[in-house]
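I have placed the structure first, in the form of structure tokens, so that the comments after it can refer back to it.
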Amino acid sequence: MAIYAHSSDSKDESTWEPLRDHLKQVEKLAGAKAGKFGAADYGLRAGWLHDFGKIDPRFQARLRGSKAPFDHAGPGAALARERYGVAIGGILAPIIAGHHTGLMDGTRDGEAAVDITPLDERLQNCMGDLERQKGLWSAAGLTCPPPPSAPPVRLRKEACGDDEKASAAFCLAFFTRMTFSALVDADFIATEEFVTKAPRAVVDITLADLKGRLDDFLAAKSEWARRERPGPLNDARAAILASARASAQTGQGIFTLAVPTGGGKTLVSLAFALDHAVAENLDRVIVVIPFTSVVEQTADVYREALGELEGAVLEHHGAFDDTKIRREGDAPEMRDKLKLAQENWDAPIVVTTAAQFFESLFHNKNSRCRKLHNIARAVVILDEAQTLPLPVLRPIVLALDELARNYRTTIVLSTATQPALLERPDERERSFVGGLRDVRPIIADERPLFQILKRVEIESIGSQDDVALAELISRQDQALFGERSAGAGDLDVADRGGRRYFLPPRAARRGRARPDRASGRTLQSRGPASGVGEPRSGVRNGRGERPSRNAKALVGDQGGLAQAGTRRARRLAARSAGDRGLFQGALLAKGRRRARRDVRPRPLGGAGRDDRSPARRLRA
Numbered sequence: 097m098a099i100y101a102h103s104s105d106s107k108d109e110s111t112w113e114p115l116r117d118h119l120k121q122v123e124k125l126a127g128a129k130a131g132k133f134g135a136a137d138y139g140l141r142a143g144w145l146h147d148f149g150k151i152d153p154r155f156q157a158r159l160r161g162s163k164a165p166f167d168h169a170g171p172g173a174a175l176a177r178e179r180y181g182v183a184i185g186g187i188l189a190p191i192i193a194g195h196h197t198g199l200m201d202g203t204r205d206g207e208a209a210v211d212i213t214p215l216d217e218r219l220q221n222c223m224g225d226l227e228r229q230k231g232l233w234s235a236a237g238l239t240c241p242p243p244p245s246a247p248p249v250r251l252r253k254e255a256c257g258d259d260e261k262a263s264a265a266f267c268l269a270f271f272t273r274m275t276f277s278a279l280v281d282a283d284f285i286a287t288e289e290f291v292t293k294a295p296r297a298v299v300d301i302t303l304a305d306l307k308g309r310l311d312d313f314l315a316a317k318s319e320w321a322r323r324e325r326p327g328p329l330n331d332a333r334a335a336i337l338a339s340a341r342a343s344a345q346t347g348q349g350i351f352t353l354a355v356p357t358g359g360g361k362t363l364v365s366l367a368f369a370l371d372h373a374v375a376e377n378l379d380r381v382i383v384v385i386p387f388t389s390v391v392e393q394t395a396d397v398y399r400e401a402l403g404e405l406e407g408a409v410l411e412h413h414g415a416f417d418d419t420k421i422r423r424e425g426d427a428p429e430m431r432d433k434l435k436l437a438q439e440n441w442d443a444p445i446v447v448t449t450a451a452q453f454f455e456s457l458f459h460n461k462n463s464r465c466r467k468l469h470n471i472a473r474a475v476v477i478l479d480e481a482q483t484l485p486l487p488v489l490r491p492i493v494l495a496l497d498e499l500a501r502n503y504r505t506t507i508v509l510s511t512a513t514q515p516a517l518l519e520r521p522d523e524r525e526r527s528f529v530g531g532l533r534d535v536r537p538i539i540a541d542e543r544p545l546f547q548i549l550k551r552v553e554i555e556s557i558g559s560q561d562d563v564a565l566a567e568l569i570s571r572q573d574q575a576l577f578g579e580r581s582a583g584a585g586d587l588d589v590a591d592r593g594g595r596r597y598f599l600p601p602r603a604a605r606r607g608r609a610r611p612d613r614a615s616g617r618t619l620q621s622r623g624p625a626s627g628v629g630e631p632r633s634g635v636r637n638g639r640g641e642r643p644s645r646n647a648k649a650l651v652g653d654q655g656g657l658a659q660a661g662t663r664r665a666r667r668l669a670a671r672s673a674g675d676r677g678l679f680q681g682a683l684l685a686k687g688r689r690r691a692r693r694d695v696r697p698r699p700l701g702g703a704g705r706d707d708r709s710p711a712r713r714l715r716a
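Just so we're aligned, residue 97 is where the sequence shown starts under the numbering used here, counting upward by one.
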């Protein structure tokens, strides 16, 4: 009787997929995917043995309609453990056992020697039938390949008291996850191609093509700036771009990009990444951003820069709306390709959230781990790197170091406020033990840039009552007022021809909402703008033009709320003046999760519905 891996809708078994064909296809794909990080032998063994259990007549009966349960992944894992021993088998067994259900817990529940892991218990349950299954395997003309060599990973050279044993364990666990990802993706693709009877659709745009298109865009943008807006600001931006592109040719590793707001960091980082990826023969660029709305903004900037090649940009987060990809050249088949690429990040440029990226690195589900192998041989840009969550900072740093050391991944920490993640053996008081090493700056000396690109002056106004604050706002040509809670009173501001924006506290609940464009009211571009807000409010840049460099932030306390004057207050207030014409808010709500959310500032007056309560309304 023939042995099958998958049935079809037809009862004609000639349309079913033979087990040998499926194993060969998965073996080939998994070997190629794991080969990206030097582990082709592990991918080949995992691919060949992953469905060993389907040789059992109980599984074949299920294909023909039996409802009796049968674990077809466990026997292959048990065979790998028996054939390859504790070391190699200990890596391949959980990979094979979990290729449908996810990686199982590899820790014991207690200290007693009799305690076993959930994986051990599952494999023990498979051992009784293993000899019989091996006989069926041989009778079908199938063999078990010899064991692979030791995992191709370099352990971290320890210093500053790191635990060498724990570091080696983390390294091998990470290798297991990456190989698991290669097998899961290979099995998904092979099964999908059998079902659809067609090769999997991929985004077939090369990084070299994207680099050429970006070069043209930046050249045109630079020429326009030189002709229309000459001056030290654009000279500084040109110097930043030139320095980044030069650093892209200096080899792989971990980099920092400390560019102040207004320096063109979004396009500079993309230029570095594409130049570097082409120079080092890498596969993709992955941009990791902490806030969903900024993911959308960044993806839009990339699509604008890449023009007709914008279909190369995969925007991946829970709120992604693929219907917005509808410009010329984005036929339905391109949307279909991007949908498929979301599953395994098989796209030239991926823009995603920090939660999506880091949760996938440490998740156990096969669907979440499926993309991990595509982080190898990539440029990973961590935007706003200072926002990495403190409770899980150490494993995140270990994972970044592991990617750079063993998986040919270039890491870029991109932020104007670089986090203290470096291990400094010679400066123990400044050292992050177990942190990043050999980190190189993309911009050799960024300190002068902060003065050249300075856009905000901060002036503390202390506590103000409603009358005084309303008078202060009314004297500004343009003003944006944001309150963190509903404690502020009803402000009455005379309209003297300027533009007034009010950011009510409930705006924080709107999450991803875009600025309201219905009324046509925006803060005037390139004119001085004053931001008045509570110290724990910060207003991010939205989209559009920038105000002039003499913008001012007025820091105060409205309605008896938190006092101004702390360093955090000054820093957040510096954002509240904003650096673009159309503002978006990033409020930090006291007592809630410390996550900034982009919100919609409501225009004062003008067309459009205004449903705010009097206590939250700023009348113009």
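Glycine included, C-beta positions come from ideal geometry on N, C-alpha and C.
Who are the near neighbours of residue i in its chain, counting only those whose CB is closer than 6 Å to its CB and skipping five residues on each side?
i	result
ARG663	Model confidence at ARG663 stands at a pLDDT of 39, short of 50, so the residue's coordinates are unreliable; what they give is reported in the following sentence. Contacts found: none.
PHE270	GLU498
VAL447	VAL383, VAL391, THR394, ALA395, GLU411
PRO537	THR352
CYS222	GLY170, PRO171, ALA174
LEU509	THR352, LEU478, ALA481
Measuring alpha carbon to alpha carbon, tell me which of the options ends up nearest residue i.
i	options	result
GLY181	PRO243, LYS120, ALA101	PRO243
PHE133	ASP281, SER365, ALA332, ASN470	ASN470
ARG526	LEU518, GLY131, VAL475	LEU518
GLU529	GLN514, VAL493, ASP562	The amino acid occupying residue 529 in the given sequence is Val; Glu does not appear at that position. Ranking the options by Cα distance to VAL529, first place goes to VAL493.
TRP112	ILE538, ALA540, VAL291, ARG536	VAL291
SER277	ALA135, GLN121, ILE445, ALA512	ALA135
ARG341	GLY531, ASP311, LEU329	ASP311
VAL383	ALA450, GLU288, GLY237, GLY360	ALA450
ARG198	LEU140, GLU523, SER463, ALA408	Before going on, a small fix: residue 198 reads as Gly here, not Arg. GLY198 has its Cα closest to that of SER463, out of LEU140, GLU523, SER463, ALA408.
THR506	ALA142, ASP522, LEU532, ALA474	ALA474
ILE301	ASP331, GLN229, VAL476, ILE445	ILE445
LEU484	TYR503, ARG466, GLU455	GLU455
GLY224	ARG296, GLY170, ALA246	GLY170
GLY131	ARG179, ALA472, ARG252	ALA472
GLY127	GLY143, ASN502, PRO356	GLY143
PHE284	LYS467, VAL535, GLY186	LYS467
VAL280	LYS261, ASP117, GLU109, LEU140	LEU140
GLN348	ASP117, TYR503, ALA264	TYR503
ILE184	ALA437, SER245, HIS168	SER245
State the CB to CB distance for the pair residue i and residue j, rounded to an integer number of angstroms; the pair is presumed to be in contact (CB under 8 Å).
i	j	result
ALA395	LEU314	ALA395 to LEU314, Cβ: 18 Å. No contact.
LEU56	VAL397	Outside the displayed range of the chain (97 to 716) lies residue 56, so it cannot be described from this structure.
ALA354	GLN514	5 Å
LEU215	PRO190	6 Å
ALA344	VAL122	That belief does not hold up - the Cβ atoms of ALA344 and VAL122 are roughly 36 Å apart, past 8 Å.
Take the Cβ of residue i as the centre, count every other Cβ of all protein chains shown within 10 Å, and call the residue buried at 16 or more, exposed below.
i	result
ILE498	Inspection of the sequence shows that residue 498 is occupied by Glu rather than by Ile. When all chains shown are included, GLU498 counts as buried.
THR239	exposed
HIS717	Here the chain comprises residues numbered 97 to 716, so residue 717 is not present and cannot be evaluated.
VAL488	exposed
LYS107	exposed
ASP105	exposed
GLY161	exposed
ASP137	buried
GLN560	buried
ARG689	Low per-residue confidence applies at ARG689: pLDDT is 30, beneath 50, and the placement is therefore not dependable, though the value from the model is reported in the following sentence. Label assigned to ARG689: exposed.
ASP442	buried
LEU175	buried
PRO631	At PRO631, the pLDDT of 38 sits below 50, so the modelled position is not reliable; the number obtained from the coordinates is stated separately. By the 10 Å Cβ count, PRO631 comes out buried.
ALA500	buried
Here's a check: name, in chain order, each residue in its chain whose Cβ is nearer than 7 Å to the Cβ of residue i, leaving out the five neighbours to either side.
i	result
GLY172	LEU145, HIS146, ASP147, PHE148, GLY149, ILE192
ALA334	SER318
ASP432	ALA297
LYS461	GLY198
Excluding the 5 residues flanking residue i on each side, which residues of the same chain have their C-beta closer than 8 Å to its C-beta?
i	result
PRO114	ALA98, ILE99, TYR100, ALA101
ALA304	VAL374
LEU306	LEU370, LEU402, LEU405, ALA408, PRO444, ILE445
ALA495	PHE270, PHE454, LEU457, PHE458
LEU159	TYR100, HIS102, SER103, TRP112
Less than 6 Å between the CB of residue i and some heavy atom of the ligand SAH, yes or no?
i	result
ARG464	As presented, the structure is devoid of all ligands, the ligand SAH included, so that no description of it is given.
What are the uninterrupted segments assigned as alpha helix (DSSP H) that are 4 or more residues long and contained completely in the stretch 226-298, given in chain order? 226-235, 260-292
Could you tell me which uninterrupted beta strand (DSSP E) segments, each at least 3 residues in length, are contained entirely in the stretch 459-505, listed from first to last along the chain? 474-479
Hey, which unbroken runs of the alpha helix (DSSP H) at 4 residues or more fall wholly within the stretch 97-162? Runs of alpha helix (DSSP H) with 4 or more residues, each lying fully within the stretch 97-162, are found at 115-130, 136-145, 153-159, listed in chain order.
Ignoring anything shorter than 4 residues or poking outside the stretch 343-388, list the alpha helix (DSSP H) runs there in chain order. 361-375
Note down, one range per segment and in chain order, each alpha helix (DSSP H) of at least 4 residues found wholly within the stretch 157-200. Restricted to the stretch 157-200, the alpha helix (DSSP H) segments that are unbroken, complete and at least 4 residues in length are 170-193, listed in chain order.
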